[in-house]
Each structure stands twice: as C-alpha cells, then as structure tokens.
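Student: In this text, residue positions in the sequence shown follow the numbering used here: the first is 357, and each later residue adds one. First the structure, which I've put down as structure tokens, then a few questions once you've had a look.
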Amino acid sequence: MIFRGRELAHTDIGWELLNRVALEVEELGEIESSPAIDRKNMVMLLAPTRKKSKGEKEIAKDEDSQGISKEI
Numbered sequence: 357m358i359f360r361g362r363e364l365a366h367t368d369i370g371w372e373l374l375n376r377v378a379l380e381v382e383e384l385g386e387i388e389s390s391p392a393i394d395r396k397n398m399v400m401l402l403a404p405t406r407k408k409s410k411g412e413k414e415i416a417k418d419e420d421s422q423g424i425s426k427e428i
C-alpha cells in the first residue's frame, strides 16, 4: 500500500485495512510478516497455507463424514 501526501497522517487506516485483508484470506493463506511501514509504503507478506497431504485429506474426509452422521 502506498501513501501519498496527507495520507501519511492516516497510516492507522492502512494498518486496519491490511489486517482486514488478512482476516478475509485467512483460509487461503497466513501472515508471513505483519504490516510494516517504510517511508510511504506499508507492506505485509502473505503466504499460501500448506496443502494437505493425501493421508491428511483422507483423515479430514473421514472426520467430516462421521460428524455428519452424528448430527442426523
């Protein structure tokens, strides 16, 4: 995020915006580095979450199917 002119007085709004973006994409990725400001730029690094291995997918699928049958 790049701040111009008077926007530098409101870096707190940029901080809130980046945190809101991080919450919105929480399922898809994780914060690698929290928002940091460097002169006119505010930067935050996001990384994709680790993909589940074949065994983990099967375990998660079994847990989901067991949870559904218990609810019924």
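Heads up, the beta-carbon is just placed ideally off N, CA and C, and yes, glycines get one too.
1) Compute the Euclidean distance between the alpha carbons of Val399 and Ser389, then round it to the nearest angstrom.
2) Can you give me the Cβ contacts of Gly303 inside the same chain, cut-off strictly under 8 Å, excluding the 5 residues immediately before and after it?
3) Are the CB atoms of Thr367 and Ile387 within a distance shorter than 9 Å?
4) Asn397 and Ile369 - do their beta-carbons sit closer together than 9 Å?
5) From the DSSP secondary-structure annotation, give me the bridge partner or partners of Asp381.
6) Near Leu374, which residues of its chain fall below 8 Å by C-beta distance, leaving aside the five closest residues on each side in sequence?
Tutor: Straight from the coordinates:
1) 9 Å
2) As displayed, the chain neither begins before 357 nor continues past 428, which places residue 303 out of reach and without an answer.
3) no
4) no
5) Here residue 381 turns out to be Val, not Asp, going by the sequence shown. Val381 pairs with nothing; no bridge assigned.
6) Met357, Pro391, Met398 and Met400
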